[in-house]
Amino acid sequence: MVRYLGRRVLYMAATLLAISLMVFVIINLPPGDYVTALTAKYNVMGQGLTESDIVNLRHRYGLDGNLLQQYWHWITQIVLHGDLGMSFEHEKPVAEVIGPRLGATIGVSFITLLVTWGLAFPIGVYSAVKQHSLGDYAVTTIGFLGLATPNFLIALVFIYFSVTWFGSVPSGLCSPEWCDAAWNLGKLLDLLGHLWIPMLVIGTAGVAGLVRIIRNNLLDELQRPYVTAARARGVPEKALLRRYPLRVALNPFVSTIGWVLPLLLVGDIVVGQILSLPTLGPILLGSLKSQDMYLAGSVIMVLSVVTVIGTLISDLLLGWLDPRIRLGHQR
Amino acid sequence: MSLKESEGIEPEAMTANPADVQRTRASQRELVWWAFKKHRLALISAWFLAVMLVVIALCEFVAPFGDRHRDSEYTTAQPQVLKLWDTDGPDGFRFGLHVDGYTSTQDPRSLRITYEPNPEDRVDVGFFVKGEEYELFGLIPMDRHLLGPKDIDDPMYLLGTTTDGQDLLSQMVYATRVSASVGIIGVLLAFLLGIVFGAISGYFGGWIDNVVQRIIELIMAVPSIPLWLGLAAALPSDMGPIARYFIITTILALVAWTGLAREVRGRFLALRSEEFVTSALLDGSSHARIMFRHMLPSFSSHIIAALSLSIPGMILAETALSWLGMGLRPPAVSWGVQLQDASKWSVLSGAPWLLIPGLCVVLVVLAFNFVGDGLRDAADPYKH
Amino acid sequence: MSTRQPRPDLSPKRREGGAIPWPDPALSRRGLVLTGSAALTASAAGCSWFSTDPESGEAGGEKGLEAPMLAERVEAGDLPAVGDRLPKEPVVIKVAESTGRYGGTWNTAITGASDGPWLYRTINYEPLLKKNRDFTEIELNVASAFDINEDASQFTITLREGIKWSDGEPLTTKDVEFGFYDVALNTDLTTGVPAELLGPDGAPPTLEIVDDYTFVVTFAGPKPLFEDAMAGGISGQRFTYYPRHYLEQFHLDYNPAADDEAVADGYDGWISRFTALGNLWNFQWENPDLPTMLPWICKKPISDADYALFERNPFYYKVDEEGSQLPYLDEVRYNIIADVETMFAHAINGDYEFHSRHFNDNAHRADAVDNEANGNYTVTDLESTYSSDMNLAFNLNHADAGLRKIFQDKQFRIAMSHAIDRQELIDVLWNRVGEPSQAAPRPESRFYDEAFATQYLEFDTDLAAQTLEAAGYTAGSDGIRESADGVRLEFTASVADDSLLGTTWLDALDMIKDTWAAVGVELHVNGQPRENWQAGIDENEFDLTVWTGDGGSIDETNSVYWYMAAGPSGGAFFARQWSAHYTLHGAQDDEMLEAPPAAIVEQQDLYDQFTSEPDAAARDEIFKQILTIAKEQFWAIGTVQGQGTWAVVSNRLKNVGGSMPENPSYGTPSPARPEQWYLTEE
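Residue numbers (numbering that gives the first Met the number 0), protein chains in the order written: chain A, 0 to 330; chain B, 0 to 383; chain C, 0 to 681.
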């Protein structure tokens, strides 16, 4: 197990390194670089930069030298110094821009993940067990609709109803009175009041996908011979369900952390923008629009890191859950 | 049956019913089609998509107005109801396809313009009416439109107008062409990449497989939307809409090919050890010939199913990108661009018909999903 | 009314619904601390976790000479008494409607940390001098005396004695010295000396410190507009914005370790740190430690959370007519809402007390008005001051010689103007309310010239086509015209596409594209983020661009860049290089592609005369001559004067005073004196 873990961690490091290369390429795609953007900004303010200023700045940011040297400078800055560069748009170090929002991003994604699971699991099981019933059709239809509708559309519709029915505009994660207050029940309620729309909107696609997967897997399992045999033996339906098929159906469920987590993080980009959540999504969007490439690259790296770690966790969980994998039977 | 007729008749024909006989002699394609037909939802969706493809091909003909048509008198006007008859004529009952015109009033303080249907202002509507000129398929000059006002200056806005005074129905038809084609072309591009890499990876195995798999994992490890956004952000903003269209499609494909590659690889891996492959090898066929002439066709229906299931993702991605402002931009029109216009408070509260393109997205995505599901079920021999 | 009061009587504060009874002020300080802490412990021991009552901001409070929240701190010994905090002669502000009461929070919104202008316009108007609400008169502000010599070349300025920075340190001429020598004239920090500090010879003035509060600024020649500049938002703060006692530590000349410390803190060097923490262009909400003289000081910077909070400045130097220290409002809160539509939804829900930016365009007007009752606010119209809401500038300094020649051809511009259907633009994009207008002063302006404002406005494609034909532009095989040199009339409009600016310009250009196509001109529209657009403009890489017509009224003589090749922020869009030639006095002439023509030079010479003419009436006459040349030359094309923007004003917010101009130089809403706004219960 330790060897497996060790190998995976090594893998992960290699993957992240490769991702950093890709991200670096993306960062440098737009014409110009940080220093050109800075020069333009200073010009607007009436503070021009002289030629020697520009050369100095280039050197300070490691932007002189060829692409490989620049990459080396960038990656060593991150890994050795934790310096993610300067955000041109916010005029402060990238770490200071991302840092405060990281907690909120992971928090919202994590809670949404839990809620998604909590919803998808019983619905999927019900749908498989009571196949072709009215409930099954209803669930499948809603699931399809959820998958097919762009999430910003869902968000817009929710906002509209939130304002016209409840008179409250959903934005951010806290109302003005509560943002600074100490944690008490009231603050928690306020947080939930702000959280339900993002959770619903971001989680919809995830729930729909998961329900489908559970349903299909469970249906496959329920057709296996051992289930028929158990039924013939007289095992009650509920116990039967719980003992074997469910556990097996759980497997792919767990492995979906790998793709559900990035889905949530990514759903946050659009929804975070509409609802002004204090998460990374709006930051990424803003940085890409203004070509603030250090910030954009760093956010993409952060998202990738979370994704890769998520995949690792899901693989570990899968290994723990499924003895077939643990004992080496891998395919 | 007389003895004469019994000559040359195969044994099964005498005992079995004709349907079963047909089935034993049918090609794989026909088998798949029959299984597909049983899937009601998939069949309906397939018809729906077929209609959509026709609409796309005959875009300029189907749309009542041209894509640059703008009517400054009727901005953000609500949809008109198409009527077959009315009772407001001089003699009472009148028969004829028409819509009611508008009267508009403007509130002096809020400057809001409200429209009321005006039964006295009757706008005659007809089929194959003379309208704006266009070139069908870019070649044939025509000026007939499927449905439109008999007098080209009259307002016929079956789905209302946008804030700029454009006919929503016409705009949606043009947007359908753009959005659906981005999905289809993008998937085809991804398909090409995926087939090539997946085939090589699955067929040869070994270190080639390892390398390609790692690359695929790498691309999949980066969340897709940020990757798209990152690539789209690099595009110079003065790129013409057509160039932009193709580049966006390519960008979408560059990220999406990995899923297809994986599918294809899996199939190839499974089929590698089949006998027909070995025999083709022994026969002296080149690798390429074996891969693309023998192995690929054997699971072509699976590929088609996978393609259909990928198109929705591509359409949703383009819609999201354009809505965020990073994909297609005005004056190019796609569903995403239309929805961006519609994402204003004033629309949600006062002009909800502008959200109809969203309905388009949902319907088309659902249709592709159902068709893909149906194909996959039909192509899977273990299902029946 | 004397401002030296005996220590005011602190009557017990009535706190609404609070659990803690306010201690009797007769208690000694020690007793206060004891009872206070006892009360606090008692309440903390209670089950506060299950309470659902947020700690609400106080909207009540009676008026005294200072706000109750400050009175508390005085009582606790944290603050000197109000008499000691105010200067000897505080500035007295006349209230617009009624005397206010203390308390309340002004909620408003911004789109992000870089959305600076709104901050400037709301709370940053504390220059040496200030203008009245009509923008017609100049009054004293931070300066208690401002003497001008005969030919307006020497200015003797006295700072108000006793004004203190927000941390209690006094404002003296030491800060003036620092701001002048170590910031404005420091070439590391400020590459170009600001225009307001340049004399007619292009050199900065001399600064002579007379005593702790008086200083003399002497220019080489007359600079009559210096007074006006000292009443401007940023320009008037050049001398009094830099607290020496705080900023010295970041300045290399005073702290040799400044560079290393800056790098250690994560900055590039001492310059970027100084800029981030204390320079005018970096917004005060990033640094809560920066001492200022603004009515509200930063308590919670924007980087921490999704809002920035400003709290009253205990050392603010203004009082109302009853002698009570201003401001009335306790706090200003800037919520970060990235999406303008969401911001709008908040506004119509009544969440903002005053807001006049971001969403205040025609598209949102209808919903704003319809929701007035629901949100308990009133939509207040603001007076537009633009010559037109969208002026088009062809780049007469274009790098390509062929295009340059075309753009410099007046007949071409005339034809293009005739090929714009302004009425259709009004009907579709301006809610059917508006007037066509060229880039000329508005009817309200004293410089209004009807001929200038209405020339070439008629929409006539035939006339346009004839004009082009006659000027030598003949149509090619595909219908697009070419100049006599064979250059196609095909170009791209660079447009700043910002959520702030809305899509009106893009939509308008899209419509213009069609009408121009009808006369054989092909237009492409390129919307880009504002920074990219700005970079393109600065590097002279654009064919044509659009912007609001600043200088239509109120600041015609300041924002001159639609009338001539000069003006702030790089000058005229239609002639960046000629503007640079003028503003930088020929410093960048090697980059200039073509020498400016006689008309441009004449306007620039006239402007030189203008800036050194001490008599206001004579100045106006000179400016009229400049405008006459602008009329003859027809440099830029105007489109539509629309309804003007509007502000959301909560019905609970008083003393705003109704409508006011909307203008960047005006700095809406600063001249309406937010420091004397107050909130009522309902």
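A virtual CB, placed ideally from N, CA and C, is assigned to each residue, including glycine.
Minimum Cβ-Cβ distance from A:Leu315 to chain B less than 8 Å: no
Is A:Arg211 buried or exposed, if buried means 16 or more other CB atoms sit within 10 Å of its CB? By the 16-neighbour rule on beta-carbons within 10 angstroms, A:Arg211 is buried.
Can you find a C-beta in chain B that's less than 8 Å from the C-beta of C:Arg431? So, interface residue.
Note down, in chain order, each residue of its chain lying with its Cβ closer than 6 Å to the Cβ of B:Gly201, except the 5 sequence neighbours on either side. Arg264, Phe267, Leu268
Would you kindly work out how many angstroms separate the C-alpha atoms of C:Pro668 and C:Arg120, rounded to a whole number? 6 Å
Using the DSSP secondary-structure output, state which residues sit across from C:Lys129 in a beta bridge. C:Glu138
Per-residue contacts from B:Ser109 into chain C (C-beta, under 7 Å): Arg364, Ala365, Val368, Asp369
Per-residue burial, B:Pro235 [other beta carbons within 10 Å of its own, 16 or more giving buried]: exposed
For A:Asp135, which residues in the same chain have their Cβ closer than 7 Å to its Cβ, ignoring the five residues on either side in sequence? Result list for A:Asp135: Ser126, Lys129, in chain order.
From B:Arg328 to B:Ala242, what does the alpha carbon distance come to, in whole angstroms? Spanning the alpha carbons of B:Arg328 and B:Ala242 requires a straight line of approximately 12 Å.
Report buried or exposed for C:Gly433, applying the criterion of at least 16 other Cβ atoms within 10 angstroms of its Cβ. By the neighbour-count criterion, in which a residue is buried when 16 or more other Cβ atoms sit within 10 angstroms of its Cβ, C:Gly433 is buried.
Starting from C:Phe691, follow its DSSP beta bridges and name the residues at the other end. Residue 691 of chain C is absent from the structure shown; chain C starts at 0 and stops at 681.
Enumerate in chain order the residues of its own chain whose CB-to-CB distance from C:Asp444 is below 7 Å, with the five nearest sequence positions on each side excluded. Strictly speaking, residue 444 of chain C in this sequence is Ser, with Asp absent from that position. Result list for C:Ser444: Gly551, Ser552, Glu555, in chain order.
Could you tell me the alpha carbon to alpha carbon distance between A:Val156 and B:Ser342, rounded to whole angstroms? 10 Å
Any C-beta of chain B under 8 Å from that of C:Gly374: no
In angstroms with no decimal places, state the Cα-to-Cα distance between C:Ala194 and C:Tyr665. Taking the straight line joining both Cα atoms gives about 18 Å.
Rounded C-alpha distance that separates C:His417 from B:Leu138: 34 Å
Once you ignore the five residues that flank C:Arg421 on each side, which residues in its own chain have a CB closer than 8 Å to its CB? Pro435, Leu456, Phe458, Thr638, Val639
Cβ of B:Asp166 within 8 Å of Cβ of B:Pro296? no
Taking 8 Å as the threshold (beta carbon to beta carbon), is C:Asn361 in contact with chain B? yes
For the 8 Å Cβ check, are there 3 or more pairs between the region 301-318 of chain C and the region 157-166 of chain C? yes
Could you tell me whether the Cβ atoms of C:Asn312 and C:Leu293 are closer together than 8 Å? yes
Using the beta-carbon count (16 or more within 10 Å), is A:Thr163 buried or exposed? exposed
Determine the chain B residues that contact A:Pro224 at a beta-carbon separation under 7 Å, and present them in chain order. Those do not exist, as A:Pro224 stays about 15 Å from chain B at its closest Cβ, beyond 7 Å.
Looking at the unbroken beta strand (DSSP E) that takes in A:Tyr75, where does it start and where does it end? The identity of residue 75 of chain A in the sequence shown is Thr, whereas the question assumes Tyr. It is not in any beta strand (DSSP E) - A:Thr75 instead sits in the alpha helix (DSSP H) that spans 66-75.
Compare the Cα-Cα distances from A:Leu217 to each of A:Val138, A:Phe120, A:Ile141, A:Trp73 and report the closest residue. A:Phe120
Can you give me the Cβ contacts of C:Ser493 inside the same chain, cut-off strictly under 6 Å, excluding the 5 residues immediately before and after it? Here the set comprises Asn525, Trp532, Gly535, Phe541, Thr544.
Look up C:Cys297 in the DSSP assignment and give the residues it is bridged to. C:Phe309
Under 9 Å between beta-carbons, which chain A residues line up against B:Val360? List them in chain order, please. Ala147, Thr148, Pro149, Leu152
Under 7 Å by beta carbon: chain B residues contacting C:Glu340: Ser342, Lys343, Trp344
Separation of A:Met11 from A:Leu194, as counted between CA atoms: Between the C-alpha atoms of A:Leu194 and A:Met11 there is a straight-line separation of about 32 Å.
Buried versus exposed call for A:Gln222 [16 or more other C-beta atoms within 10 Å across all chains shown]: That one is exposed.
Is the beta carbon of B:Val276 less than 8 Å from the beta carbon of B:Val177? no
Just by C-beta distance, which residues in the region 417-428 of chain C are closer than 9 Å to chain B? Asp420, Gln422, Glu423, Leu424, Ile425, Asp426, Val427, Leu428
Cutoff 6 Å; reference A:Thr115; Cβ partners in own chain excluding five residues on either side: Gly202, Gly205, Val206
Thinking C-beta only, is C:Tyr327 closer than 8 Å to C:Thr107? no
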